Amino acid sequence: MDPLYKPQGVEARWQQTWEEEGLYEADPDAPGETFVVMHPPPNISGSLTIGHCLQLSLEDTLVRWHRMRGFNTLFQPGYDHAGISTWAAIGRTLAQEGRSQRDLGREGFDTYVQEWLERYGGTIMSQFRLLGASLDYRRARFTMDEGYYRAVMRWFVHLYERGWIYRANRIVNWCPRDLTALSDLEVEHEDADDTLSYVRYPLSDGSGHVTIATVRPATILADVAVAVHPDDQRYRRLVGKEVVVPFVERRVPVIADERVEMEFGTGALKITPGHDPTDFEIGRDHGLPELAVIGADGVMNDAAGELAGLSQQEAGRRVLDWASERGLLEKREHYRHSVGHCVRCHSRVEPLIVPQWWVAMKELAAPAVAAVKEGRVRFTPDRFARVYLDWMENVRDWCISRQIWWGHRIPVWYCPDGHVTVAETEPQACAECGSSELRQDEDVLDTWFSSALYPFATLGWPDQTPELARFYPGNVLATARDIIFLWVARMIFSGLELIGAEPFHDAVIHSYLQNPEGKRMSRTLGTGIDPEEALEPYGADATRYGLLKMTTGQDPRFSWGTIEEGRKLANKLWNASRLLLLAGGVEPDARPSSIEERWILARIDATRAQFEADLAAFDFAHAVQRLYHLTFDDFCDWYLESIKPRLEEEDVRATAFAALERLLKLLHPVMPHVTEEIWTNLPARETRLIVAPWPEPETWEGELETMESAQTAARIYRRSGVRIKLTGDSARIFEAVVRPGDDGHGDVEAERARVQKEIERAERMLANEKFVANAAPEAVDAEREKLAQYLAERDALG
RNA sequence: GGGCGAGUAGCUCAAGCGUGGAGAGCGCUUGUCUUACAAACAAGAGGUUGCUGGUUCGAGUCCAGCCUCGCCCA
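Per numbering that gives the first Met the number 0, residue 0 is the first one in the first sequence, and the count goes up by one each step.
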């Protein structure tokens, strides 16, 4: 064994061994309570980030812990076709060659995407393995593989038959670059600097004008009304009159609607149902026409008349010039507001009225709200339950159709007579007229429509498989908070609707790593950390430890310090094991005969209990920190040092190996490779550590204060050179660990003065009647205890 | 505009219910090749816990207000 632990080689060997020996495999026929984690399938639009590794580390820690505890454990791998994300990523690649997706044609695109899929799908699985993630790789699923496709079709038809899927011509978020509709969740809002123009709309009866404020003057061409708040005294007399829209000189009514914000601009709002979501709602309620002057490509369309073909900016300029020449442009001012952008390609989203497929959410949402309110699904940290509920209780209908070529085709066919046939597989004839001339809907489904089925489609649903019966519902879903609505919510309502049970009981919303500058990590901006930068030099164990240490519930900046700490821990374990093995292997057996031996066994057991509590609460940062201190401070610095003089005794080594075994077991879920490697080197191995039983609670009695007095004496001697009086075991342990070079040479008076100050502090507190009367009794007792200790210390100083 | 979170040592972060002396790792200074580990061990310096008030015997922690940063929703 080399004095320096080198993870390179060791880790790959164990990853291969575990997998070849079938130790990652889940068996529906195996006994035991199940523990199921569905790893969120990464997008095939790229390789893994360090953030994915954090998520995988915490999941694998839970999975390995449960496996050792005897649970029948399934850790499910897969990857996601990631509709628009992949579409946009491929678009970026093609653009470098001067081509676009549409240039390839639908079939050409399919061929192209297959290559992409094989490349990234393979990369993702190998990256999972490099981290030591104990996923059942045989079961890897893809959201567009054959069985999964069938599940998605069943889901669509199910919702259609329930009457919850409908096609409607409504305003949607339209990406003018990708030429597709987006859901509300695929739009991100960013502040933008704009100009707010105040334009006068003359009253048709010549009695004056109404001034409106707009940031999009080009849309004036599609105005169909001016709206004011019904309580607005300034405009009350105008409601019911007509105004003349500038440029197009169309007469439109002044209406009253409560959705108008009186404080914004002049309090009068131009209504453009074709190009604004709020206006669309108001327009529908008032029966207003829906004009469109902007096309799908974002430029002015034929309805814009002489402005057709112009950009919105140029058209807006022309409209304002027109108004200015006629004295209708009151003023222009700078205005900063948030504007929707496509979350994938970052184009400014265009609200357009386009026919799309929708899912009615009301009835699906109700049970999903109840599941969280009744605690059947818990969020960690629990504040995210509120976030989830706020969204779910106000959820709007879900636009599920996308005008791209990558995804599940919408299972709807049309015949020449316009009849609609909805079926899971391609029908032979129109369900209504029997026509065989069927044309399938061109659109594909929102990628999250299929991801929603992940917890059971991966298990074979809609077939009633043994896996589905055994491994649904699962237990823990770990994810970052950005997909609580996109995915977590949708898995919950789809699971409840289709299977009748929530898909998991714990939704763990973990840290979102920031880059060292405190900014969001982004692969496209090159501000991310490549997992290989950590895995190659430090190894998977150190990386896992470091990432778990960063999993605090906050959004910490990525730092190498914690990974370095993990590397030190692996090296420390390695050398502690070397010490014992070099002294001579002997079968592990806990038969402690001294204070320090009982003490370390008790310390390990106490840490086991705390570690279990930490993991149960998904507090990974504290969990790994405990292991670090147990290893460094208790096991190495005190226990091993104190038994060194007796290492030739077989009993001492048997106990030491037994203690090391327990330590390795506690560390295995976090650092699987180095612990398995050491485990293999221990005498009398029969099993792999990965499936070794988790330590049972145990009680080790002993006068543990003997250890404490040795530790106190060590602190004083190391600090000041002063030796305090010790007898018996404490003296022996002190000598073994500290190895004092003399009988004491320090300034005894200075030490006595220091202890005296502590005594006075404690006495002062206990003399405070209010403290003794009001403080918790435990706090007062603790203070008395400290005082007693300091008094004893003073006596020992002689 | 509404909501959530954060601000603690030079850096990255801790500090269950207010538990009574604010800790860890890294970095820095000093010492030490000691039966494994010098990539180690030991000791040390380093803090007005963002600001202002309040509650309390006692506040990093609770309350009110303010400042800065990040995120989500509209």
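Heads up, the beta-carbon is just placed ideally off N, CA and C, and yes, glycines get one too.
Just so you know, these numbers come straight off a predicted model, no measurement behind them.
**Message:** On the DSSP letters alone, give me the boundaries of the beta strand (DSSP E) that residue 505 sits inside.
**Reply:** 505 to 508
**Message:** Please classify residue 95 as buried or exposed, where buried requires at least 16 neighbouring CB atoms within 10 angstroms.
**Reply:** exposed
**Item:** Supposed close pair residue 699, residue 587 - CB separation, criterion 8 Å
**Value:** Wrong, their Cβ atoms sit about 16 Å apart, outside the cutoff.
**Asked** Roughly how far, in whole angstroms, is the beta-carbon of residue 398 from the beta-carbon of residue 182, given that I think they are within contact range, below 8 Å?
**Response** 5 Å
**Item:** Between the CA atoms of residue 491 and residue 366 - distance to the nearest angstrom
**Value:** 9 Å
**Asked** Roughly how many angstroms lie between the CA atoms of residue 484 and residue 584, to the nearest whole one?
**Response** The straight-line gap from Cα to Cα measures roughly 55 Å.
**Message:** Output needed for residue 798: all residues of its chain with C-beta closer than 8 Å, excluding positions within five of it in sequence on either side, in chain order.
**Reply:** Nothing in the structure corresponds to residue 798, since the chain is present only between 0 and 797.
**Short Cβ contact (8 Å threshold) for residue 625 with residue 633** = no
**Asked** Between the segment 58 to 70 and the segment 447 to 462, are three or more C-beta pairs nearer than 8 Å?
**Response** Judged by Cβ distances under 8 Å, the segment 58 to 70 makes no contact with the segment 447 to 462, as fewer than three pairs qualify.
**Request:** Can you grab the Cα-Cα spacing for the pair residue 664 / residue 39, in whole Å?
**Result:** 27 Å
**Request:** Assuming residue 443 contacts residue 404 (C-beta within less than 8 Å), just tell me the rounded distance between them.
**Result:** 7 Å
**Prompt:** Expressed to the nearest angstrom, what Euclidean distance is found between the alpha-carbon atoms of residue 746 and residue 656?
**Reply:** 41 Å
**Prompt:** From what residue to what residue does the beta strand (DSSP E) around residue 33 run?
**Reply:** Counting along the chain, the beta strand (DSSP E) containing residue 33 begins and ends at 33 to 37.
**Asked** At what residues does the beta strand (DSSP E) containing residue 377 begin and finish?
**Response** 377 to 379
**Request:** Report the three-state DSSP secondary structure of residue 788 (helix, strand or coil).
**Result:** Residue 788 falls in the helix class under three-state DSSP.
**Request:** Pull up the distance between the alpha-carbon of residue 352 and that of residue 271, whole angstroms please.
**Result:** Distance between the alpha carbons of residue 352 and residue 271 is about 11 Å.
**Prompt:** Does DSSP put residue 470 in a helix, in a strand, or in coil?
**Reply:** The answer is helix: DSSP assigns residue 470 an H, G or I state.
**Prompt:** Helix, strand or coil: how does DSSP classify residue 634 here?
**Reply:** helix
**Request:** Pull up the CB-CB distance for residue 14 and residue 477, whole angstroms please, since I reckon it's below 8 Å.
**Result:** Rounded, the Cβ-Cβ distance is 21 Å, inconsistent with contact.
**Prompt:** Where are the alpha helix (DSSP H) runs, 4 residues long or more, that stay fully inside the segment 682 to 726, in chain order?
**Reply:** 704 to 719
**Prompt:** Does DSSP put residue 585 in a helix, a strand or coil?
**Reply:** coil
**Asked** If we count Cβ pairs, one from each stretch, closer than 8 Å, do we get three or more for the segment 562 to 576 versus the segment 535 to 549?
**Response** yes
**Asked** Touching or not, the segment 235 to 245 and the segment 218 to 226, by the rule of three or more beta carbon pairs under 8 Å?
**Response** yes
**Message:** Between which two residues does the beta strand (DSSP E) holding residue 460 run?
**Reply:** Careful: residue 460 lies outside any beta strand (DSSP E) and carries neither H nor E.
**Request:** Determine the burial state of residue 432: buried for a count of at least 16 other Cβ atoms within 10 Å of its Cβ, exposed for fewer.
**Result:** Exposed is the call here.
**Message:** Buried or exposed for residue 0, going by 16 or more other Cβ atoms inside 10 Å?
**Reply:** exposed
**Request:** Pair every Cβ in the segment 605 to 619 with every Cβ in the segment 676 to 691, then say whether three or more of these pairs are closer than 8 Å.
**Result:** no
**Element boundaries [beta strand (DSSP E), containing residue 807]** = Here the chain comprises residues numbered 0 to 797, so residue 807 is not present and cannot be evaluated.
**Prompt:** What residues in its chain sit with their C-beta under 7 Å from that of residue 327, if we drop five residues either side in the sequence?
**Reply:** 198, 199 and 245
**Message:** Taking a contact to mean a Cβ-Cβ separation below 8 Å, would you say residue 547 touches residue 623 in this structure?
**Reply:** yes
**Message:** I need the DSSP call for residue 334, collapsed to helix, strand or coil.
**Reply:** strand
**residue 119 - containing alpha helix (DSSP H), residue span** = 100 to 129
**Asked** Span of the alpha helix (DSSP H) holding residue 43?
**Response** First-last for residue 43: undefined, no H or E at that position.
**Message:** Run through the DSSP bridge pairs and tell me what residue 201 is partnered with.
**Reply:** 208
**Request:** Would you mind listing the alpha helix (DSSP H) stretches within the segment 288 to 347 that are 4+ residues and don't spill past its ends, in chain order?
**Result:** If we require 4 residues or more, the alpha helix (DSSP H) runs fully inside the segment 288 to 347 come out as 311 to 324.
**Coarse secondary structure for residue 65, derived from DSSP in three states** = helix
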